[in-house]
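Each remark here refers to the structure printed beneath this line.
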Amino acid sequence: MSLGSLKYLPATRGTLLKLRRRLQVVRRGKEVLEMRRDQIIREVFILINKVREREKIEEEILSTINELLKIKALRGEREFETLVGQITPPKIKLLYLSYQGIPVPQVKVVKDPETNKVKDPEISGIIHKLWSSFKKLLEIVNMELAVEKLLEYLSYINRIVNSLERNIIPQLEETIRYIEEKIDEEMISEFIVLKRISQMLRERRRI
Amino acid sequence: MKENIMKTYIIVRTIGLTTRLLTLEDYIALIRRIKSLYELGYREAEGVSIEDYSEIRKVAAKTFISRLRFLASLKSPYTSLIESYLARLEAENIKIRIREIYSQRSFREHYYPYEKSVPLKRIQEARRIEDLTKVLSETTYQKYLRRLFEITEKPSREQLELAVDSAYYYYLKQTAMKCKASKHAITLLDMEGLVRLAYWLITIKEEIAKLKEAEILNGFKPVKTRVVEWLEVECIAETLGVNIHELREFMSRNKITEAILLVEKSFVNKLEKYKKLYKMTDVIIVYYMIRSRIEMENLERISLGEKYKIPFKELINYIIAPTV
């Protein structure tokens, strides 16, 4: 039953009961959605606090890159690249994880780079350091993705709650009030008709 | 008689050539853009910017090769020594191939345009380490590679590279002795080998004992230089006049690049002292060869430093040039 068809409903007691039940369900639904919204907001705040660490991690990465470039400049590209090339690159996988029941794409590290393939402790050390910082950044990226998806979902919930609050519930209430009035009017007119009939019957008996 | 004339001629000629080597002031002028590489005598670098690393690398390598080839072409008793010094590029090419095989990646752009005992193509075509050792079986590099395979079936990449380096220095010093090079000239070659050995001693210290037992490190063993214990980094550093405290500090923080830079800088100062002491001897030839190689590496460093926007004050520290 769409909202538009509410005005064509027969003003009967049955319809009134059905609409009252429906209003109750809608109100309960709205409450549930509001609770879920609060829950998601709480989760977003927790994640945002962690995402704030991004700046620190980025600085860490930049300083490691600067260190790495210095080593590269000193050793020469030939030596540096052929040595770093020995390290097996990491394996990364994209999968969906559930955050508050919402599927969020997440980057997961399946395998770390094998820095031990280079015995030069400086090269393996700097690559290890860079990878550790990068891994932290990946975690932040995952949280950012989660925040983005949660916010998307939050705005969806907000739209539904708003629509329930400002559109569906008032319309249902309006229709219920209309039907109640209609039934009351019908009851009164029935009562009057009945009263008139009984009056007429009484008058006829008297005659 | 003729041999003596040629010896004197090449020494005099080399003295002239050493005046064209870049000085610290030249490097500063290059970094500060006061002079271009072309203006500093690199005729092939016309229009090449110092930031253009791939071009600078090519020009620097070509110049190094042509400088030494020219010296070798003078048909002196030192021709074979000069050629064997140049073979360092071939050793580097072999090491790059080893790295390619181990990582299963291509580093084609990093090969030097140089070949001596084996055509470069044959080195590049070797698919496995076994194939590479077969290709090198007739060359000087086989000496320690064979020994390495006797002690271990599957040597690590580092062990193979070290064996190649060791074989190269063995060959170089043997050639120097065959050429009847002076004690001081061989001492400089000894020292250069020790600088390389220092890197290996720091990098794979756990494996050194095993390799020493198999006599794989013998190529680095000084022939004319007195070192208290040639397999100890600190003894090598002492011989080269390195500040031990500074070296220890770098090593404790795993700053190998800076530690080796420190050692190389001291070596260059030692080189300069030898040049001044034994000016009219074959020391000048070894001096010129080593300084030319260092100049090639310095230009690569400057170019990379400029490419990565490394501040002037830091970049100037990366340059290896005599300060005495």
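Quick mapping for you: the protein sequence lines, in order, are chains A and B.
For my numbering, add 61 to where a residue sits in the first sequence, where the first one is 1.
For my numbering, add 167 to where a residue sits in the second sequence, where the first one is 1.
All C-beta atoms, glycine included, are put in the ideal place defined by N, C-alpha and C.
For B/F274, at least one C-beta of chain A is nearer than 8 Å to its own C-beta. DSSP, read as helix, strand or coil, puts B/S240 in coil. Residue burial annotation: A/A134 is buried, with at least 16 other C-beta atoms found within 10 angstroms of its C-beta. In terms of Cβ geometry, B/I217 and B/L204 form a close pair [threshold 8 Å].
Sequence-distant Cβ neighbours of A/E205 in its own chain, meaning closer than 7 Å and more than five residues away, are V112. Interface with chain A (8 Å Cβ-Cβ cutoff): B/T490 is excluded. Closest by C-alpha distance to A/S124, out of A/I188, A/N203, A/V145, A/Q161, is A/I188.
Annotated three-state conformation of A/V171 is strand, per DSSP.
Among the residues facing chain A, B/S459 is not included, as its CB has no counterpart in that chain under 8 Å away. With its beta carbon at least 8 Å from every one in chain B, A/D99 lies outside the interface. In this structure, B/R294 and A/T143 do not form a Cβ contact; the two beta carbons are roughly 18 Å apart against a cut-off of 8 Å.
Looking at the DSSP output, A/I153 shares a beta bridge with A/V170.
For A/A207, no CB of chain B lies under 8 Å from its own CB, so it is not counted at the interface with that chain.
Chain-ordered, the chain A residues with CB closer than 9 Å to the CB of B/I477 read N127, L130, K131, A134.
Identification of residues in the segment 444-473 of chain B having a C-beta nearer than 7 Å to some C-beta of chain A yields E464, E467, R468, L471, G472, given in sequence order. Around A/D173, no beta-carbon contact reaches into chain B at under 8 Å, the shortest distance being about 17 Å. Taking the Cα of A/V168 as reference, the smallest distance to any Cα among A/S185, A/T236, A/E200, A/R88 is reached at A/E200. B/H412 sits exposed, since fewer than 16 C-beta atoms from the chains shown fall within 10 Å of its C-beta. Under the DSSP assignment, B/T424 falls in the alpha helix (DSSP H) whose first and last residues are 423-444. The shortest C-alpha to C-alpha distance from A/K178 to any of B/T370, B/V435, B/I451, B/N171 is the one to B/T370. Counting along the chain, no alpha helix (DSSP H) covers A/G137, and no H or E run does either.
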